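Report on one structure; see the data block that follows.
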Amino acid sequence: MSNKYLLEIGVEELPARLINGALAQLKENTEKMLKNERIEYTNTETYATPRRLVLIIRGLSDKQSTLKERVKGPAKRIAYDDKDNPTKALQGFMRGQGISIEQIFIDEHNGEEYVYGNVIKEGKDTFTVLSNNMADIIKSIVFPKSMKWGGKNIRFARPIRWIVSILNDRVLPFEFEGIEVGNLTKGHRFLGSNRIVINSVEEYFSKLEDNFVLVDQNKRWEIIKYGSERLAKEKGGNLLIDEDLLDEVTNIVEYPTPIIGRIEKEYLSLPEDVIITPMKEHLRFFPIVNDKGKLLPYFITVRNGNKEYIEMVVKGNEKVLEARLEDAKFFYHEDIKQPLEDYVEQLKNIVFQEKLGTLYDKTIRIQKLSKKIGDYLEVGEETQRNMERAAYLSKADLVTKMVDEFTELQGRMGMEYAKQAGENEIVSTAIYEQYLPRFAGDELPTTTAGSILSIADKLDTIAGSFAIGIQPTGSQDPYGLRRQALGIINIILDKRLNLALGELIDSALYIYVEELGLVFDYSSIKKEIVDFFNGRIKNMFIDMGIRYDIIDGVISTGIDNIYDLKVRADKLNQYLEEDRLTEVLFTFNRVINLAEKTTSTEVKRDLFVEDAEVELYEAFNDIEEKVLSCLDKKEYDKALELFIGLKEPVDNFFDHVMVMVDDEDLRGNRLNLLGKISETMLLICDLSKLVK
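Under this note's numbering, the very last position in the sequence shown is 1036; numbers go up by exactly one each time.
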């Protein structure tokens, strides 16, 4: 169990975004293969640089474990002739399994006797098994986009140039499209040797480090993070950490050396976002800020190499940043020559979507939908005015020179230019907040105006896309509709907004008809959008630890207030962990099943003839108002507790009352009573959806 195996897939530089997914597949597929091949091991490790994907398997057994299995053969009636001699069918079975007559026996299966054999397969040595499987392991790694090269039949993200395959201190060969598989690897493209001989797994890491390659991405991450923080501290500042950027930089270098450069003071008068965005998004530089978060005139970048000629490298990076910031300065000063409002008319020249009009059309729709939402929430007049103004200016920055060059700044520049034009703080902030959240875990809008504007913008896109037949399918979601729906849900939950989703969808679709004359099947499109949101709600609530059946139960009430659904799901999730739930569900499922047979809830007391039905009627009347009062206060657990108090009179009712009697009046009245109980229950939760 002390065997170690090394696989290195040497490639042309891989895009950073593809590396983590490739390593996950390499690890998962290898472990699955080892399990299927009955090879024991201690652990697997995966590493990567831009030029190599690496797998280490430790604690490998010497060979496969012995396989003992019972194999089913032919039926007894065709396995032996009339003299009990093996037939050709039995002989073929024994020959195929490599067993003798002494290793077979008879057993019954589905009422008929069959021949079985005890097959013992000795394990192959690990060297042979790995040699037979590693080519398939490499081929099993898939990428969003792959390429072919040099007339080879395989596809990979980038051309594979060499493969290292070593078991302990011995090359483990396998055929791979004519690519050399051996013990030769390459160091750093410029600083290391182009021919490094690896004699054993143990010397792999040290030999590559001697050739300026740190294979372990975790070590590179630490060098970049802590080295950059140290340089920032030397200048009296703090590194502005961006974990995604840190991970990306880790995956684009093999031998990291953090270096610090300077930003010319003339550019520090620009808005900080204008400076930081080119640094991070285009150049992969880390900003440095003071203790108050204000940008300092320094940046950190990471050299893929050692400290030789470091001064020249720093100056080169400063020049590259200066060119970017010079462009940004020009765009900024050109843009502010006119107020943000003057850009709105230019939106008429930019198509939002061919069938959904221009960005100007979208602006008008957002204005109208924001007002509808504001009216529904009964926001104050000042908030309404600010919201309407922010909606009108919301897309204006999209036609500015700055956003045209640096698209990542949409919204941020709108906020900045709005301030420059004298718009108030709420209007300016709302213009930025319309795009929040931009991704999972992103910040949410802080203002009411920004929250409403964000909901309106996202819902307009969702409603329009569904109306023209653009819905997410499988993994395809080109307009990011899932992300936008989750954004709406998160804003509603964060701000505790009491919004009826159905009415919002009605408004969004109606505005499309009113503004564009869009034609579509209204009822089916609305249902598709509601189902789409319900799917996102279910997934989100499950991730929050709420039971799936409780989610189904609250959604089945027909209530489309997302915040309300979350509150009742939380409370019912806590409440329904009790052991008595099984009996409760059985009782009320009977109520629901019979209640489906009625279309009325009108109950006439004078038609009751059995004590049990009178008892149930009075018990329900006693709690009905209390249940409704609890629902008004969102005390759903208390409402359910009151409702479950009906279990005993309901059970007594079913024990002593025949519901489906011949007398039509009696039958209808009893069904109506059950219907009334069921209707009230559905205001809390559909108990028929719950499982124990």
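Cβ coordinates follow ideal geometry from the N, Cα and C atoms, glycine included.
Note that the coordinates shown come from a computational prediction; the quantities given were computed from them, not determined experimentally.
Taking 8 Å as the cut-off, decide whether the C-beta atoms of residue i and residue j are in contact.
i	j	result
A734	A774	yes
I881	I833	yes
M1025	F932	yes
G461	G417	yes
K663	L614	no
I967	L986	yes
E957	L1017	yes
A811	F877	no
I498	K483	yes
I806	I895	no
P394	E566	no
Short of 8 Å in beta carbon distance, which residues of its chain neighbour residue i, apart from the five on each side in sequence? Order them along the chain.
i	result
K1020	T945, V947, F964
D540	It should be pointed out that residue 540 corresponds to Ile in this sequence rather than to Asp. Closer than 8 Å at the Cβ level, and outside the excluded window around I540, lie L528, T529, K530, G531, K551, L552, N555.
E546	K348
R628	L589, E592, V593, I596, T645, V646
R414	Y460, G461, N462, V463
Note down, in chain order, each residue of its chain lying with its Cβ closer than 7 Å to the Cβ of residue i, except the 5 sequence neighbours on either side.
i	result
P683	A765
I903	L909
S851	L713, K716
N633	The sequence as given places Val at residue 633; Asn does not occur at that position. Excluding sequence neighbours, V633 sits near G581, N582, L584, L639, L640.
S572	L583, P602, F630, I644
A479	F518, E519, F520
D1030	G897, S900, T901
K420	I450, E457, Y458, V459
Between the C-alpha atoms of residue i and residue j, what's the straight-line distance to the nearest angstrom?
i	j	result
I422	G442	20 Å
Y892	I886	6 Å
S738	P789	14 Å
E524	W506	6 Å
M680	D741	Met is not the amino acid found at residue 680; the sequence shown has Ile there. Cα-Cα distance, rounded: 11 Å.
E689	Y653	52 Å
T390	E352	10 Å
Q561	N661	24 Å
V515	D591	33 Å
V771	I869	33 Å
L700	D875	22 Å
D705	L575	50 Å
A392	V463	42 Å
Y642	L378	50 Å
A829	Q369	30 Å
E384	G989	57 Å
I620	G758	16 Å
K371	V398	10 Å
T707	E940	46 Å
Y907	I694	36 Å
I796	V486	41 Å
Name the two residues that bound the continuous alpha helix (DSSP H) containing residue i.
i	result
N538	Run containing N538: none; DSSP gives neither H nor E here.
I443	Here I443 belongs to no alpha helix (DSSP H), and DSSP marks it neither H nor E.
Y866	866 to 887
I507	It is not in any alpha helix (DSSP H) - I507 instead sits in the beta strand (DSSP E) that spans 504 to 511.
L639	From DSSP, L639 is part of no alpha helix (DSSP H) but of the beta strand (DSSP E) over 639 to 648.
P631	Run containing P631: none in the alpha helix (DSSP H); it sits in the beta strand (DSSP E), 630 to 633.
F810	792 to 811
F549	548 to 554
V688	No alpha helix (DSSP H) holds V688; DSSP gives it neither H nor E.
Q1043	Summary: the structure shown does not reach residue 1043, with the chain confined to residues 345 through 1036, and so no result is reported for it.
S475	470 to 483
Y676	654 to 679
E847	845 to 860
A829	825 to 839
Spell out whether any CB of chain B is found under 8 Å from the CB atom of residue i.
i	result
L909	The structure shown contains no chain B; it is built from a single protein chain.
Since residue i is in the beta strand (DSSP E), which residue starts that stretch and which ends it?
i	result
N347	347 to 355
E456	456 to 465
E452	448 to 453
Q1114	Shown here, the chain extends from 345 to 1036; a query on residue 1114 therefore has no answer.
Can you list, in chain order, the residues of its chain with a C-beta nearer than 6 Å to that of residue i? Leave out the 5 residues immediately preceding and following it.
i	result
L411	K465
I1050	This structure cannot settle anything about residue 1050, because the visible part of the chain is limited to 345 through 1036.
S1032	N933, I936
I1042	This structure cannot settle anything about residue 1042, because the visible part of the chain is limited to 345 through 1036.
Please indicate yes or no: does the CB of residue i lie closer than 7 Å to some heavy atom of the ligand MG?
i	result
L916	The ligand MG is absent from the structure shown, which contains no ligand whatsoever.
Requested in this report: Go through the region 567 to 625 residue by residue and report every complete run of the beta strand (DSSP E) that reaches 3 residues or more, in order.
Outcome: Unbroken beta strand (DSSP E) stretches of 3 residues or longer found wholly inside the region 567 to 625: 600 to 606, given in chain order.
Requested in this report: Scan the region 711 to 786 and note each continuous alpha helix (DSSP H) run of 4 residues or more that stays entirely inside, going in chain order.
Outcome: Segments of the alpha helix (DSSP H) lying fully in the region 711 to 786: 725 to 737, 745 to 749, 756 to 764, 769 to 777.
Requested in this report: Enumerate, from N- to C-terminal direction, the unbroken alpha helix (DSSP H) stretches of 4 or more residues contained entirely within the region 371 to 430.
Outcome: 420 to 423, all fully within the region 371 to 430.
Query raised in the report: In chain order, which alpha helix (DSSP H) runs of at least 4 residues are fully inside the region 968 to 1031?
Result: Entirely contained in the region 968 to 1031, the alpha helix (DSSP H) runs reaching 4 residues are, in chain order, 980 to 988, 991 to 1000, 1008 to 1026.
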